[in-house]
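Trainee:
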Amino acid sequence: MRRLAPRLLVCACLLAGAVQARPFTIDDLLDRQRLGPVTLSPSGRWLVMQSTAPYQTIARYELAEFADRTISRLDVVETPNGRPRRLFPDDGYGYLAGPYSPSGEMMAVTRVRGKDQELGFVTLATGAATWTGLAPLDNLFGATVQWIDETTVAAIARDPDQLGFAPNYGWQLRERLKMQWARAASGQGSLAAVGSGRYLGVGASPPARRVVRIDVASGAHEPLLVADAFDLQLSPDHRRLAVLLAAEAMQPDPTPPAGQAEPFRRHRLAVIELTDGGAWWPLPRHEAALDLLSWSSDSQSLLVFAKADPADWGAAAYWRIEPGPRRARAIETPGLSSAVGANIHGMRIAHGQWIGQDPIIQASATGAGASGRRDWYRLAAAGPVRLTGQLPTGARLAAADDEGAVFTDGSSSWRVAPDGALMARLDGAPALNLGASGGERMIVNDKPPPARLLLGKTSAHDTVAITGLEATSPGPGVAIPKAETLLAASRPDLAVSRRTDARGVDTLLLRTPAGPPRVVLTLNGHLAAVDPALSRPILHPGPDGRPVTSWLYLPPHQAAGAPAALIVAAYPGHVGPSSAQGLSPPNGYEYPNPHLLAGAGYAVLVPSLPLDRRREPIEGQAEDILRAVEAVKASGAPVDTDKMALWGHSYGAYGVLAAATQSPRFKAVIAAAASPDLFAAYGRGALGHGVTGGSGWEVNNAMGWLETGQARMGAPPWKDPDKYLRNSPILRADRITAPVLIITADFDGDPIGGRAMFNSLYRQRKDALLLTYLAEGHQMAVSANLRDLYARALAFLADQLAPAPKGAGATAAP
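In mature numbering (1 follows the signal peptide of the UniProt record, and there is no 0), the protein residues as written are -21 to -1, 1 to 793.
1) Tell me the DSSP secondary structure of I546 in three-state form.
2) How is the beta strand (DSSP E) around R482 delimited, first residue to last?
3) So what does E301 bridge to, in DSSP terms?
4) What are the boundary residues of the beta strand (DSSP E) that S391 is part of?
5) DSSP state of E57, grouped into three classes?
6) Tell me the DSSP bridge mates of Y40?
7) What does the alpha-carbon distance come out to for the pair A430 and A171?
8) Give the DSSP bridge partners of R375, in chain order.
9) What ranges does the beta strand (DSSP E) occupy inside the region 92 to 158, keeping only unbroken runs of at least 3 residues that lie completely in it?
10) How should L203 be labelled, buried or exposed, when 16 other C-beta atoms within 10 angstroms of its C-beta is the threshold for buried?
11) Please identify the residue among R705, M759, D767 and R766 whose C-alpha is closest to the C-alpha of F45.
12) According to the neighbour-count rule (16 or more other Cβ atoms, all chains shown, within 10 Å of its Cβ), is R52 buried or exposed?
13) What does DSSP give as the partner residue(s) for G362 in the beta ladder?
14) From which residue to which residue does the beta strand (DSSP E) around H553 run?
15) Give the single residue among V385, H265, A290 and L473 whose Cα lies nearest to the Cα of residue 798.
16) Hey, F775 and L740 are a contact pair by Cβ (cut 8 Å); roughly how many whole angstroms apart?
17) Could you name the residues that DSSP lists as bridge partners for Y72?
18) Is DSSP giving E227 helix, strand or coil here?
19) Is the beta carbon of A507 sitting closer than 9 Å to the one on R482?
20) Would a C-beta distance cut-off of 9 Å place L531 and P516 closer than the cut-off?
21) For the beta strand (DSSP E) holding Q29, just list the boundary residues, first then last.
22) Which residues mark the beginning and the end of the beta strand (DSSP E) in which S316 is found?
23) With three or more C-beta pairs closer than 8 Å as the rule, is the region 184 to 204 touching the region 130 to 141?
24) Is the distance from the Cβ of N679 to the Cβ of E241 below 9 Å?
25) Spatial neighbours of R162 within its chain, please: CB distance less than 7 Å, with the 5 preceding and 5 following residues excluded, ordered by chain position.
26) Quick check on the DSSP output: what are the complete beta strand (DSSP E) runs of length 3 or more inside the region 694 to 725, in order along the chain?
27) Starting from the C-beta of A237, find all residues in its chain whose C-beta is less than 6 Å away, skip the five residues before and the five after it, and write them out in chain order.
28) Quick check on P409: buried or exposed, where buried means 16 or more other Cβ atoms within 10 Å of its Cβ?
29) Between A613 and the ligand FAD, is the CB less than 8 Å from at least one heavy atom?
30) Please state whether DSSP places A450 in a helix, a strand or coil.
31) If you compare alpha carbons, which of A108, Q537, S587 and R711 is closest to G524?
32) Could you check whether the Cβ of E252 sits closer than 9 Å to any Cβ belonging to chain C?
33) Just how far apart, CA to CA, sit T790 and A(-1)?
34) Whose CA, out of F243, L156, G166 and Q141, lies closest to the CA of P185?
35) So, do the region 256 to 263 and the region 708 to 717 have three or more beta carbon pairs nearer to each other than 8 Å?
36) What are the complete beta strand (DSSP E) segments, minimum 3 residues, inside the region 583 to 669?
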């Protein structure tokens, strides 16, 4: 039988959909495909696109919520006119893209099967690959694979059984539990010990990673440094490798409130000499900050941010590391206070780069009359030079080299000379880090030279034109419709964009000035036959009176005159977009998924619930939700707000349980992965910590979530027990009037919280169901469990809220 090309298949589905379109179902959710990194090689010759097969084709779930790595594939296109082809055959492995070689003709890749991951290198023209037998470290914070030249690579390899962050954690917990059970059953010891204070370090494991140098042709490798490294940066002359690593155990300062991502090991700096393999430790008694490893263009100096071990981060400084004379010097910043920030996890980061031989940093002026404004300064020998004084407040670094820097405010850009003189004002915002391969540092600090910077300029024709600062490409650049997302560009005349239609079908387009765009990849084509929910913006005031936009999803085949029961998918702190772009199915939500619930006949409200930090966390949860619900009612949407359920996951579950204690208007509540007992939540991660011996991450994460994270207690429970009492929904369980469905998983951080809430309702003979999914974590991963969860949740909702009858009547207006 003749097979239809992907584009023809989508067209056929669209034509069929005019007569037989159907609602979004659990099968559509489980058949979803996800797009990964899309990159163009440095020369622009090769386009590599990472995507997954349908989710429910996963055979093994050892990697839990990261199991879709096992069904990841790579498609490659030789630009501008080559046809897409699969880089590797369908051989039971998933494949992940890594960095290109300097020429762009090769790529580092990782293949994944089950729990096993292996680093290799592939020639893009032929698909020929070499495999190393090494398990690579994920590049969460920086670079873990660096090409030294076309034939040699430096990489961080890990022991495949090493305890660590995702994606290794899930299967390790399962395996170690089984091992400990087997040991106990046979009469052997089954202890996991962990210590604090003078016992800190008890149970710690020796380093399980190493920095290696790999021969690309053979896959042979040699160790350069045995240490728990997590970030690498090669010097421009390729002679040295800067390394950030996790060293001795540490504990957070007990005085201030704990941060959620407090480090549990000190971060040290090493510099490896690649000529002889020797290592130098420039700051052996200083802790280095994340995300800053910046070499000067002559490779003579490295810029880092660090503090002495006993000091706090307020006493940290920028350091010039000079490997030649093996000298480390704190950089003086007279009249300036370094502008230290934090990443999304709360970890401290500092911004910096180089103009010539001078560091540039972000700082605030001090002294009398100082405004506190943050600016960029060049730290010259004669004193700091202010670079952004003529620019709007908040201008960000976009590019830098020996000739100056480019800054942007998100809509305009400015080229600035080393002396701070304004050289040019540029229309458009930089298309930052398009196609970058690496972790957080590549976004925070690793800025390109201006010659490689691309700008996106919005035109009057509703397009974004791609231009460069210099004549890097002959002829005109390409224009991207504003409804599309720019994914990759290596020069102004070559770009890749993503178009997602209202049904959720994804199309990737290769664009050049010569002719119409060319489709190079289509994902989620099955959704062409689906009628998605009808989304409506709902405008209403937030808790501070400022307007916000919530989104209402209506059943696609709603009969006229039959208002739908309402499910509110609430998450405190969520603020919805002002436009519908990105709301098409499957739209990133596994549960609760608004399109799936609307397909079952319900209206679904995803409310904007900005946090009001004037109130305690539990205060006003029902009030904020009902403010959005009343706006739905006032809009005239065909919704029965008297038949209303709440559904929340994680902090959303905390919010809906809190709301259920504050109002009788809710007729049903579904709470998944909840922490309703803030005292008990101090033990979040206890199972993992106990079974594995503990890395420290679980303890710090629990403390930080409660004290400065979403729970916002501001102190540990012994310092303010009344606040913990006031803000624990479990202690108001007697006020809940609605039936409650509680969903837990035994590998979640707080599996006890949901069970304790169920016990509280059970004790009062209140209507409640408890579902515990075994060997699952905070996010449900296994397809069969997701299918079961929705079947049970919909049955529970049907018990409380009869769904609006589905029929062939009038469709609700968008």
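The beta carbon of each residue, even a glycine, is placed where N, CA and C say it ideally should be.
Mentor: Well, looking at it:
1) As a first step, residue 546 is located in the sequence shown; it is residue number 567 there, counting from the start. Note: I546 maps to strand in three-state DSSP.
2) Within the sequence shown, residue 482 is the residue found at index 503, counting from 1. Careful: R482 lies outside any beta strand (DSSP E) and carries neither H nor E.
3) As a first step, residue 301 is located in the sequence shown; it is residue number 322 there, counting from the start. In DSSP, E301 forms a bridge with R306.
4) Looking up residue 391 in the sequence shown gives position 412. Here the beta strand (DSSP E) through S391 covers S391 to V395.
5) Locating residue 57 in the sequence shown gives position 78, where the first residue counts as 1. In the structure shown, E57 sits in a strand (DSSP, three-state: E or B).
6) Residue numbering aside, residue 40 sits at position 61 when the sequence shown is read from its first letter. Note: Y40 sits in no beta bridge, so no partner.
7) As a working mapping, residue 430 is identified with position 451 in the sequence shown. As a working mapping, residue 171 is identified with position 192 in the sequence shown. Rounded to whole angstroms, A430 to A171 spans 55 Å at the Cα level.
8) The count along the sequence shown starts at 1 and reaches residue 375 at position 396. For R375, which the question treats as bridged, DSSP gives the partners T387.
9) 95 to 102, 108 to 110, 124 to 126 and 131 to 137
10) Start at 1 with the first residue of the sequence shown, and residue 203 comes out as number 224. Buried is the call here.
11) On the sequence shown, position 66 is the one that residue 45 refers to. It is M759.
12) The residue given as residue 52 occupies position 73 in the sequence shown. R52 is buried by the Cβ-count criterion.
13) The sequence position of residue 362 within the sequence shown is 383, counting from 1. Looking at the DSSP assignment, G362 forms a beta bridge with A359.
14) If you number the sequence shown from 1, residue 553 lands on position 574. Where H553 is concerned, there is no enclosing beta strand (DSSP E), given that its DSSP letter is neither H nor E.
15) A question about residue 798 goes unanswered here, because the residues of the chain that appear run from -21 up to 793.
16) In the sequence shown, residue 775 corresponds to position 796, counting from 1. In the sequence shown, residue 740 corresponds to position 761, counting from 1. Actually they are not in contact, since the Cβ atoms of F775 and L740 sit about 14 Å apart, beyond 8 Å.
17) As a first step, residue 72 must be located in the sequence shown, where it is residue number 93. For Y72, which the question treats as bridged, DSSP gives no partner whatsoever.
18) Residue mapping note: residue 227 aligns to position 248 of the sequence shown, counting from 1. Three-state result, E227: strand.
19) Start at 1 with the first residue of the sequence shown, and residue 507 comes out as number 528. Start at 1 with the first residue of the sequence shown, and residue 482 comes out as number 503. Contact: yes.
20) Taking the sequence shown and counting its residues from 1, one reaches residue 531 at position 552. Taking the sequence shown and counting its residues from 1, one reaches residue 516 at position 537. Yes, the Cβ-Cβ distance between L531 and P516 is below 9 Å.
21) For the purposes of this step, residue 29 is taken as the residue at position 50 of the sequence shown. Where Q29 is concerned, the enclosing beta strand (DSSP E) stretches over W25 to T31.
22) Start at 1 with the first residue of the sequence shown, and residue 316 comes out as number 337. Its beta strand (DSSP E) spans residues L315 to S317.
23) Touching, yes, given that three or more Cβ pairs across the two stretches are closer than 8 Å.
24) If you number the sequence shown from 1, residue 679 lands on position 700. If you number the sequence shown from 1, residue 241 lands on position 262. Taking 9 Å as the Cβ cut-off, N679 and E241 qualify as a contacting pair.
25) If you number the sequence shown from 1, residue 162 lands on position 183. Closer than 7 Å at Cβ, skipping near neighbours: G168 and S169.
26) 719 to 724
27) Numbered from its first residue, the sequence shown carries residue 237 at position 258. Closer than 6 Å at Cβ, skipping near neighbours: P231, M682, G683 and E686.
28) Position 430 of the sequence shown, counting from 1, holds the residue named residue 409. Result: buried.
29) The ligand FAD is absent from the structure shown, which contains no ligands of any kind.
30) Start at 1 with the first residue of the sequence shown, and residue 450 comes out as number 471. Per-residue confidence for A450 stands at a pLDDT of 44, beneath the threshold of 50, marking its modelled position as unreliable; no derived number is given.
31) The residue labelled residue 524 in the question sits at position 545 within the sequence shown. When only C-alpha atoms are compared, the closest one is S587.
32) In summary, chain C is missing from the structure at hand, where a single protein chain is found.
33) The residue given as residue 790 occupies position 811 in the sequence shown. The residue given as residue -1 occupies position 21 in the sequence shown. Below a pLDDT of 50, predicted positions are generally treated as unreliable, and T790, at 36, falls in that range; the measurement from the model is reported next regardless. T790 and A(-1): Cα-Cα distance of roughly 13 Å.
34) Position 206 of the sequence shown holds residue 185. The shortest Cα separation from P185 among F243, L156, G166 and Q141 belongs to Q141.
35) They do not touch, by the three-pair rule.
36) DSSP runs (the beta strand (DSSP E)) wholly in the region 583 to 669: 618 to 628 and 647 to 651.
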